[in-house]
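Here the sequence shown is numbered in this note's numbering, starting from 1 and rising by one per residue.
Heads up, the beta-carbon is just placed ideally off N, CA and C, and yes, glycines get one too.
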Amino acid sequence: MKRLLVPTDFSSYANKALDYAVCLAKKAHAEILLLHACELMPSPFADQKKMIQEQIRPIQTKSTNQLLEVKKCIEETEGIRVTTALYNGEVIDSILVAAKSYHPDFIVMGTIGKSGFKNKLFGSKTAALLSKSDVPVITIPYAYEWSEPKKILLTLNDPKENTALLQPVFELAELYGSEVKAAIFSDIHKQAIEVLEHSRTIHAIKEKLVKVSNNPQIKTVHLSGHDFQQEVHDYIEKNDV
Numbered sequence: 001m002k003r004l005l006v007p008t009d010f011s012s013y014a015n016k017a018l019d020y021a022v023c024l025a026k027k028a029h030a031e032i033l034l035l036h037a038c039e040l041m042p043s044p045f046a047d048q049k050k051m052i053q054e055q056i057r058p059i060q061t062k063s064t065n066q067l068l069e070v071k072k073c074i075e076e077t078e079g080i081r082v083t084t085a086l087y088n089g090e091v092i093d094s095i096l097v098a099a100k101s102y103h104p105d106f107i108v109m110g111t112i113g114k115s116g117f118k119n120k121l122f123g124s125k126t127a128a129l130l131s132k133s134d135v136p137v138i139t140i141p142y143a144y145e146w147s148e149p150k151k152i153l154l155t156l157n158d159p160k161e162n163t164a165l166l167q168p169v170f171e172l173a174e175l176y177g178s179e180v181k182a183a184i185f186s187d188i189h190k191q192a193i194e195v196l197e198h199s200r201t202i203h204a205i206k207e208k209l210v211k212v213s214n215n216p217q218i219k220t221v222h223l224s225g226h227d228f229q230q231e232v233h234d235y236i237e238k239n240d241v
C-alpha cells in the first residue's frame, strides 16, 4: 500500500475519513492525495461562463488555502507526505479522474450514517462513487472512532466470488494482523436447497481463501435469516467486529 486518495469538502464527515486515512497511512508508510472539487454550474453561454469563472475564483482561492493548511498540519504532526489537488467540476468525476492519474491503492471517503448498508446512509456522493470506481473504496461512518482493526468481516454474496476482488481485504488484514471471518448469507425464504448448498460449500470457501490470502487465521461463518442487513448488523454487534 503506497497511496491513499482522500476527497474532502472540509466537512466533519470528510474530516472523519481523513483521520482514518492518516492512521492507515502512518501504519502502511503511505502518502495521501487530498482532493477537493469545486463544482461549477454548467452554462452554454460564453458570457455566463465568464461570469461564473469570476464568481468561482475566490472560492478556488479559499479551497486552495484550506487544502494547504490541512497538508501542513498533517505533515508537521504526523510526518506523512500529503499532495493536494483542486479540481473544477463534479465531485465523482473529479475523483475518478484523479484516481486514474494518481493510481491509489484505496479511496477513503466519509458516510453520513452510523452504518453503511443503504444509499441514504452512505450519502449520495459516496454511493455514486461505489458504483463507478475501479479502486477499492473504504467508507468511514461518522460515528466511528479509530482503533486498529483486529476483526474483519468479509461478506460474500457469491460462494464462487472472484478472489482477486478480495485482495484489498487481505492486504488490510496483513497490515494489522487482523482476524478475518468470511460470511455467507442464506435467505431462509429461499429454497432449502440453497441453504444446504451454502452449508456444504462454506468449508471449501475457507480453504480457497486461506490459499489465496496466505492467512491461516481466516474463519468462516454461515449467516441465515430473513434480512441480510439485519443479520450482518447483529453479528457485528455480538462479535465486536
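How would you call residue i, buried or exposed, if buried means at least 16 neighbouring beta carbons within 10 angstroms?
i      : result
LEU5   : buried
ASP17  : A small fix is needed here, since residue 17 is Ala in this sequence, not Asp. That one is buried.
ARG57  : exposed
SER43  : Unreliable placement is indicated for SER43, whose pLDDT of 49 sits below 50; no coordinate value is reported for it.
PRO104 : buried
THR61  : exposed
PHE122 : The predicted position of PHE122 is uncertain, since its pLDDT is 49 and thus under 50; a value taken from the coordinates is nonetheless stated next. Buried, since its Cβ has 16 or more Cβ neighbours within 10 Å.
ALA99  : buried
LYS114 : Low confidence applies to LYS114: its pLDDT is 44, below 50, so where it sits in the model is not reliable, and the reading given next is rough at best. Per the 10 Å Cβ criterion, exposed.
LEU67  : buried
Terminal residues of the continuous alpha helix (DSSP H) containing residue i?
i      : result
LEU172 : 167-176
HIS36  : HIS36 -> not in any alpha helix (DSSP H); beta strand (DSSP E) instead, spanning 31-38.
ILE92  : 91-102
Suppose contacts are defined by Cβ-Cβ distances below 7 Å. Is residue i in contact with residue j by that definition?
i      : j      : result
ALA37  : SER101 : no
LEU34  : THR84  : yes
VAL241 : ALA183 : no
LYS72  : ALA30  : no
ILE59  : PHE106 : no
ILE140 : VAL82  : no
LYS125 : VAL91  : yes
ILE218 : VAL169 : no
SER63  : LEU86  : yes
TYR13  : TYR142 : yes
MET109 : PRO7   : yes
SER224 : ILE202 : no
Along the beta strand (DSSP E) that carries residue i, what are the first and last residues, could you check?
i      : result
ASN88  : 82-88
LYS16  : Careful: LYS16 lies outside any beta strand (DSSP E), inside the alpha helix (DSSP H) at 12-28.
HIS189 : No beta strand (DSSP E) holds HIS189; DSSP gives it neither H nor E.
ILE152 : 151-156
HIS222 : 219-225
VAL6   : 3-7
VAL137 : 137-140
VAL232 : No beta strand (DSSP E) holds VAL232; the alpha helix (DSSP H) holding it covers 228-239.
GLY110 : 106-110
Specify whether the region 163-179 and the region 205-222 touch according to this definition: at least 3 beta carbon pairs, one from each stretch, less than 8 Å apart. Cβ pair count under 8 Å is three or more, so yes.
Would you check if the region 141-159 and the region 173-185 touch, i.e. whether three or more CB-CB distances between them fall below 8 Å? Counting C-beta pairs with one atom in each stretch, the region 173-185 and the region 141-159 have three or more that are closer than 8 Å, which means they touch.
How do the region 68-88 and the region 20-30 stand: do at least 3 beta-carbon pairs fall below 8 Å, yes or no? Short answer: they touch.
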